[in-house]
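Protein sequences appear in the order of chains A and B.
Be aware that the first sequence starts at 763, since it is given in the working numbering, and climbs by one per residue.
Be aware that the second sequence starts at 37, since it is given in the working numbering, and climbs by one per residue.
Below is one structure; the comments refer to it alone.
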Amino acid sequence: MRRHPGLFLSLIIILAIIAGVFVYPKGVGEKVEPWKLGLDLVGGSHLVYQIDLSNVSSTDQSSVIAGLRDVIEKRVNLFGISQPDIYTSQSGNQAQLFVDLAGITNISDAINEIGQTPLLQFETVVTAASTTPSSTASSSPLNALSAASTTQYIPTNLTGQYITGATLTFDPTTNAPTVSISFNSQGATLFQQITAANVGKPLAIFLDGQLIEAPTVQQAISGGQAVISGGFTVASAQQLVERFNAGALPAPITLESQQTISPSLGSNSPDKLIVAGIIGTLLVMLFMIFYYRLLGIFAALALIIYIALTLGVFKLISVTLSLAGLAGFVLTIGTAVDANVLIFERIKEELKRGLPKSSAIEEGFRRAWPSIRDSNTSTIITSIILYFFTSSFVQGFALTLGIGTLVSLFSAITTTRLFLRFFLKDDKTPPKA
Amino acid sequence: MLNIVGHKKIWFTLSIILVGIAVVAIATFGFQQSAELKGGTLWEFKVTGQNLSVADVQSELVNNLHITDAQVSADTGDQSFLVIFGSISEPVHQQYISELQEVWPSFQELSFQSISASVGANLRNDSIIAIILVLVGISLYIAFAFRKASRPISSWKYGWITLLTLFHDVAIPAGMLAILGHFANVQINSDIIVALLVVMGFSVHDTIVVFDRIRENLLNHRGKVPFATIINDSVNQTLARSINTSLTLILVLLALYFVGPADLQYFVLTLLVGVTTGIYSSIFIASPALVLTSKNESV
């Protein structure tokens, strides 16, 4: 780069122009890959669910949470929402599920749909009084049983999370609609163990906390198949099958918090923010040119390249652009020239000491580097801590602040240095001694 | 050349008064926490063509929906209302919407946030942890970055003084927010907490610039010049760049404050006050404090 500043400078400028076209919200770039806009810009909902892990053993918790996330994602996708963002967090026994739904207007339907995903539980039954076996014959290994007097249910490890699929079936004798479910291998093993341990005893099946049936186990069942016959109509059995196929919730969830923003509220703010960003950029450029003259012009040009490249990086790694994220980026415009200020002040000092221009420039960059490195590191420390200790809205801010700071290092050091090397040559006459 | 180190008593007194006011304000007034932090519902809606007053909305909420703790404020320009009350569940929310739509056919929901107290408490705890981590993280980094500038002051002292100035730079805008909260009902939300964290990240920039020059001058002039003189020289040599680096940020913040979206107004104000405090503390507090810590050591 030292030998061919012109070549590398041209490369950076071409890259910046490509980035500029790529990020411009109208035209080619938007067709290739549209901007991913946050809830606060396009409207939408941020939902926080509390996950009830009280019936989940501590070793299974992470897999249950991951399974829950997948199931909810399937449900939300089924609802036809573009770019849902679903993530979880866990600290101790507290676990939360976050659902960000951008650009949808009727949020109550979505909330219902997510909440209605069935929760299936198998529980063993301890009865205080006698139970009467029902007279209805069935070819199913599970026979219906009507429970009487005080009954206690003890949850087993077998839940809907082990279900791989469900089909609508009909009882061969009564022709009543039933739901056949199949378990995965882990679920099949559990089912066999539970049935083996409870031969002659009832096994209760709960759906969404409601007891739907408690058939008596006739024998240990291997093969991972079970039939639920809970007095369904064809329609209700069909609905249950669809929900099982989308996935049953491995643990119950409750809606804790929601934030819904209408697009009409969001639409005004980003324009104002962009105008403020442009005015801020112009003020910074004017200040740099006014204070540092020729050097300032290079800093101003480097700032434009910085803006194009940073937005390009945001889009390339598909950062969701929220109002907070945009604000974070606008702030980095104010700090992106900091390194230039430090370098230029240093160059001025070296020139005063009598160094020729080219050595003053190199020395300026070299000597200013430690303070540039240390001050940018402190911003990066802040953005990393922010990123890991916050959720959705603030995370966007932390991400843009961090990425912006990294790109600004490149911009202030590399781009500006290439500009100076290419345009500022030593005067032909040797400097006065 | 300005004799900054020589007049350190004036600067310290000024800072102690300001931080003192801030601490007293926080202790007596506390912060007005938004629904986001303490739990509750923030509901924004629009009713056109009815010329409703705040009192109309208030009485409707009390009589029809039986919300007794609602605080209503209005933006009469576009006939939108903001209502704050305790957190509610989604079915209740839907019921409220349908009841209000019956009374006011033009009712249109703009935003709805209902946050349970436990989510708010989580956010509050995370924010406090984040602030402490940033304070400690940056101070430790400074102690590490200046590990070679050990004589006549140990690098730990750079770290301690950074911690002190960071506290100073956060306490003053935080005190301002407590005062604004008491007299103008300005609420602390997650944006404001972010602003306080970012103030720390940015305000330390100037301090680093001065410390870096002190580190360099100490290496060059060791044993020849009194320590206080080296520090005063360093502050003066870096005065222009300390101010200019923050000034470019202040220019952007001013643009955001006057032209930017209204929702970010207090976020930007917190940053403006914090960054300005940061310039002051890096020039008038951090460097003179270095002299103070090494009074008993010879150069």
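The C-beta atom is built at its ideal place from N, Cα and C for all residues, glycine as well.
Quick caveat, the model's predicted, so the values are computed rather than measured.
If you drop the 5 nearest sequence neighbours on each side, which residues of the same chain put their C-beta closer than 7 angstroms to that of T1022(A)? By 1-based counting over the first sequence, the position of residue 1022(A) is 260. Excluding sequence neighbours, T1022(A) sits near S807 and I869.
Between E1018(A) and chain B, is there a C-beta pair that is closer than 9 angstroms? Numbered from its first residue, the first sequence carries residue 1018(A) at position 256. With respect to chain B, the C-beta atom of E1018(A) has a partner C-beta closer than 9 angstroms.
Under 9 angstroms between C-beta atoms of L863(A) and A872(A): Indexing the first sequence from 1 puts residue 863(A) at position 101. Indexing the first sequence from 1 puts residue 872(A) at position 110. Result yes, Cβ atoms of L863(A) and A872(A) sit closer than 9 angstroms.
For S1133(A), decide whether its Cβ has a neighbour in chain B, counting only Cβ atoms nearer than 9 angstroms. Locating residue 1133(A) in the first sequence gives position 371, counting from the first residue. Closer than 9 angstroms: yes.
What is the C-beta distance between I174(B) and A325(B), in whole angstroms, given that I count them as a contact (C-beta under 8 angstroms)? Within the second sequence, residue 174(B) is the residue found at index 138, counting from 1. Within the second sequence, residue 325(B) is the residue found at index 289, counting from 1. For I174(B) against A325(B), the beta-carbon gap comes to about 16 angstroms, at or over 8 angstroms, which does not count as contact.
Which bits of chain B does A864(A) rub up against, with CB to CB less than 8 angstroms? For this step, residue 864(A) is matched to residue 102 along the first sequence. Correct list: empty, because the minimum Cβ distance to chain B is about 14 angstroms.
Helix, strand or coil at T243(B) according to DSSP, with G and I counted as helix: One-based indexing of the second sequence puts residue 243(B) at position 207. Note: T243(B) maps to helix in three-state DSSP.
In chain order, what residues of the same chain have a beta carbon less than 7 angstroms from the beta carbon of I62(B), not counting five sequence neighbours either side? Translated into the one-based positions of the second sequence, residue 62(B) becomes position 26. Same-chain partners within the cutoff: A210, G211 and A214.
Whole-angstrom C-beta distance between S109(B) and V90(B), which should lie under 8 angstroms: Within the second sequence, the letter at position 54 stands for residue 90(B). Within the second sequence, the letter at position 73 stands for residue 109(B). Rounded to whole angstroms, the Cβ separation of V90(B) and S109(B) is 7 angstroms, and the two are in contact under 8 angstroms.
Three-state secondary structure (DSSP) at D847(A)? The residue given as residue 847(A) occupies position 85 in the first sequence. In the three-state reduction of the DSSP assignment, D847(A) falls in the strand class.
Do the CB positions of V1075(A) and I1015(A) come within less than 9 angstroms of each other? One-based indexing of the first sequence puts residue 1075(A) at position 313. One-based indexing of the first sequence puts residue 1015(A) at position 253. The Cβ-Cβ distance between V1075(A) and I1015(A) does not fall below 9 angstroms.
Is D1136(A) close to chain B, meaning its C-beta is less than 9 angstroms from at least one C-beta of that chain? As a working note, residue 1136(A) is residue 374 in the first sequence. Under the 9 angstroms criterion on CB atoms, D1136(A) is classed as interfacial with respect to chain B.
From T886(A), V996(A), M1047(A) and F994(A), pick the residue whose C-alpha is nearest to that of P977(A); which is it? Working through the first sequence from its first residue, we reach residue 977(A) at position 215. Closest in alpha carbon position to P977(A), among T886(A), V996(A), M1047(A) and F994(A), is T886(A).
Going straight from the alpha carbon of A778(A) to that of T306(B), what length do you get? As a position in the first sequence, residue 778(A) is number 16, starting the count at 1. As a position in the second sequence, residue 306(B) is number 270, starting the count at 1. Approximately 33 angstroms between the Cα atoms of the pair.
Determine, using beta carbons only, whether A785(A) and W797(A) come nearer to each other than 9 angstroms. For the purposes of this step, residue 785(A) is taken as residue 23 along the first sequence, with counting starting at 1. For the purposes of this step, residue 797(A) is taken as residue 35 along the first sequence, with counting starting at 1. The question names Ala, but residue 785(A) in the sequence shown is Val. Judged by beta-carbon spacing, W797(A) lies within the 9 angstroms limit of V785(A), meaning their Cβ atoms are closer than that value.
Between G1090(A) and R837(A), what straight-line distance do the alpha-carbon atoms span, to the nearest angstrom? Working through the first sequence from its first residue, we reach residue 1090(A) at position 328. Working through the first sequence from its first residue, we reach residue 837(A) at position 75. Cα atoms of G1090(A) and R837(A): separation of roughly 33 angstroms, rounded to the nearest angstrom.
Would you list, in chain order, the members of the segment 1080-1092 of chain A that have their beta-carbon closer than 9 angstroms to a beta-carbon of chain B? Residues L1085, A1086, A1089, G1090 and V1092.
Under 7 angstroms by beta carbon: chain A residues contacting G296(B): For the purposes of this step, residue 296(B) is identified with residue 260 of the second sequence, where counting begins at 1. The answer, in chain order, is K1034, L1035 and A1038.
Residues of chain A with CB closer than 7 angstroms to the CB of Y177(B), please, in chain order. Taking the first residue of the second sequence as 1, we reach residue 177(B) at position 141. Going along chain A in sequence order, the residues near Y177(B) (Cβ under 7 angstroms) are T1139, S1140 and I1143.
Can you find a C-beta in chain A that's less than 9 angstroms from the C-beta of V234(B)? Locating residue 234(B) in the second sequence gives position 198, counting from the first residue. Closer than 9 angstroms: yes.
Measuring only between beta-carbons, confirm whether T1022(A) sits less than 9 angstroms from chain B. Locating residue 1022(A) in the first sequence gives position 260, counting from the first residue. So yes, T1022(A) belongs to the interface.
Since I believe V55(B) is in contact with I208(B) (beta carbons under 8 angstroms), could you give me their beta-carbon distance rounded to a whole number of angstroms? In the second sequence, the residue the question calls residue 208(B) occupies position 172. In the second sequence, the residue the question calls residue 55(B) occupies position 19. The C-beta distance from I208(B) to V55(B) rounds to 7 angstroms, short enough to meet the 8 angstroms contact threshold.
Cβ pair I1147(A), T1167(A) closer than 9 angstroms: Walking along the first sequence from the start, residue 1147(A) turns up at place 385. Walking along the first sequence from the start, residue 1167(A) turns up at place 405. No.
Inter-stretch contact at 8 angstroms, needing at least 3 Cβ pairs: the segment 290-298 of chain B / the segment 1036-1052 of chain A: In this structure the segment 290-298 of chain B touches the segment 1036-1052 of chain A; the number of beta carbon pairs closer than 8 angstroms is three or more.
Name, please, each residue of chain B whose Cβ falls closer than 7 angstroms to the Cβ of I1041(A). Residue numbering aside, residue 1041(A) sits at position 279 when the first sequence is read from its first letter. Residues of chain B passing the Cβ test: A291 and V295.
Is L904(A) close to chain B, meaning its C-beta is less than 9 angstroms from at least one C-beta of that chain? In the first sequence, counting from the first residue as 1, residue 904(A) sits at position 142. Model confidence at L904(A) stands at a pLDDT of 44, short of 50, so the residue's coordinates are unreliable and nothing is read from them.
With a 10 Å radius around its C-beta and 16 neighbouring C-beta atoms as the bar for buried, classify N280(B) as buried or exposed. Position 244 of the second sequence, counting from 1, holds the residue named residue 280(B). Result: buried.
Please check if any C-beta of chain B sits within less than 9 angstroms of the C-beta of Y1053(A). Within the first sequence, residue 1053(A) is the residue found at index 291, counting from 1. Judged by the 9 angstroms Cβ criterion, Y1053(A) is in contact with chain B.
How should G927(A) be labelled, buried or exposed, when 16 other C-beta atoms within 10 angstroms of its C-beta is the threshold for buried? Position 165 of the first sequence, counted from the start, is the residue given in the question as residue 927(A). Under this definition G927(A) is an exposed residue.
Closest residue to L1071(A) among S1170(A), D1136(A), I925(A) and T995(A) (Cα-Cα distance): The residue you call residue 1071(A) lines up with position 309 of the first sequence. When each option's Cα is compared against that of L1071(A), the closest is S1170(A).
Whole-Å CB distance - I1051(A) paired with V288(B), under 8 angstroms assumed: Reading the first sequence from its first residue, position 289 is the one you call residue 1051(A). Reading the second sequence from its first residue, position 252 is the one you call residue 288(B). About 16 angstroms separates the Cβ atoms of I1051(A) and V288(B), ruling out a contact at the 8 angstroms cut-off.
In whole angstroms, what is the alpha-carbon distance linking N905(A) and V979(A)? As a position in the first sequence, residue 905(A) is number 143, starting the count at 1. As a position in the first sequence, residue 979(A) is number 217, starting the count at 1. Any reading at N905(A) must be qualified, since the residue scores a pLDDT of 40, below 50, and its modelled position is unreliable; the value itself is stated next. Rounded to whole angstroms, the separation of the alpha carbons of V979(A) and N905(A) is 7 angstroms.
Give me the chain B residues within the contact set of F1159(A), using Cβ-Cβ distance strictly less than 8 angstroms, ordered along the chain. Start at 1 with the first residue of the first sequence, and residue 1159(A) comes out as number 397. What F1159(A) touches in chain B: V230.
Please go through the same chain and pick out, in chain order, the residues whose beta-carbon is closer than 6 angstroms to the beta-carbon of E252(B), but skip the five residues on each side of it. By one-based count along the second sequence, residue 252(B) stands at place 216. Nothing listed; no residue qualifies.
For the segment 270-290 of chain B, which residues have a beta carbon sitting closer than 9 angstroms to at least one beta carbon of chain A? The residues in question are Q273, T274, A276, R277, N280, T281, S282, L283, T284, L285, I286, L287, V288, L289 and L290.
Which value, in whole angstroms, describes the spacing of the CA atoms of N710(A) and F148(B)? With chain A covering only 763 through 1195, there is no way to say anything about residue 710(A).
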